[in-house]
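Worksheet for the structure shown next.
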Amino acid sequence: MLNHKDFKIFEDLYKEHFVFFSLVSFNIVKDRDVAKDIVQDFFTYLWEKEEALTFTISFKAYGTKAVKNLSLQYLEKNKTISLQTQKIVHPKSEEQTIFENSEENKKPRIQTLVEKIPQARREIFISHVVEGLSYAEIAENQNISINTVKTQMKRAYASLRASQNTALNFILYFIWLIK
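Just so you know, we're using the numbering used here here: the sequence shown kicks off at 1 and counts up by one.
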């Protein structure tokens, strides 16, 4: 049975990471309520398996990867259900198919902007923002100094700010705020 101290640690992890994990999931499933449910499921799983879990990476990196996988599993499951429904109920016209294919080929604006960042800087940026690695972990993995990581992150954010719109600025601020 978990004692009060274990509950407090779990509660702190939940409060610290829930918003970030919800954003990670939302970026994939595009539904706020579903994203929150997925994160809730992750923490429920974590609570039930608490004694058996050991982390070889940071909790944030572990949770980010787990939430991404759960979100992708949700999409795969939902896709199967919706395809069955569409075959039975809603046959697609040729125009609908062309429109949907053109929409699928469009990348999210943030992804396009991130791809414009130089390769080495992009890898550092993604390692920190998406994978949740600390500056020290990134520096160790890439055999560079922590100051180099800080400088590259600063330049990545500056590059994104220079080429983005107001909505992206809000997203970047929100990501920075929850860290």
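Cβ atoms here follow ideal geometry from the backbone N, Cα and C, with glycine treated the same way. Owing to the predicted nature of the structure, the values given are computational and were not obtained by experimental measurement.
When the alpha-carbon of residue 17 is set against those of 32, 33, 43, 74, the nearest one is in 43.
The region 115–122 and the region 59–78 do not touch, with fewer than three beta-carbon pairs separated by less than 8 Å. A residue is called buried once 16 or more other Cβ atoms fall within 10 Å of its Cβ, and residue 72, having fewer, is exposed.
Closest option to residue 37, judged by alpha-carbon separation, among 57, 48, 70: 70. Residue nearest to residue 46 within the set 23, 11, 74 is 11 (criterion: CA-CA distance). No Cβ-Cβ contact shorter than 8 Å links residue 25 with residue 132. Rounded to the nearest whole angstrom, the C-alpha separation of residue 129 and residue 28 is 15 Å. In the three-state scheme derived from DSSP, where H, G and I count as helix and E and B as strand, residue 19 is classed as helix. Counting along the chain, residue 38 sits inside the alpha helix (DSSP H) bounded by residues 32–48.
Take residue 61, set aside five residues on each side of it, and the residues of its chain with a beta-carbon closer than 7 Å to its own are 131, 132, 133, in chain order.
Within a 10 Å sphere around the beta-carbon of residue 64 sit 16 or more other beta-carbons, which makes this residue buried.
With respect to the C-alpha of residue 142, the residue from 154, 127, 156 having the closest C-alpha is 127.
In the DSSP assignment, residue 123 falls within the unbroken alpha helix (DSSP H) covering 119–129. Residues 117, 121, 125 of the same chain have their beta carbon placed closer than 6 Å to that of residue 156, with the five preceding and five following residues left out of the count.
One alpha carbon belongs to residue 35, the other to residue 49, and they sit about 21 Å apart.
About 10 Å separates the Cβ atoms of residue 145 and residue 136, ruling out a contact at the 8 Å cut-off.
In the DSSP assignment, residue 138 falls within the alpha helix (DSSP H) that extends over 135–142.
Under the 10 Å beta carbon count, residue 20 is surrounded by 16 or more other beta carbons and is classified as buried.
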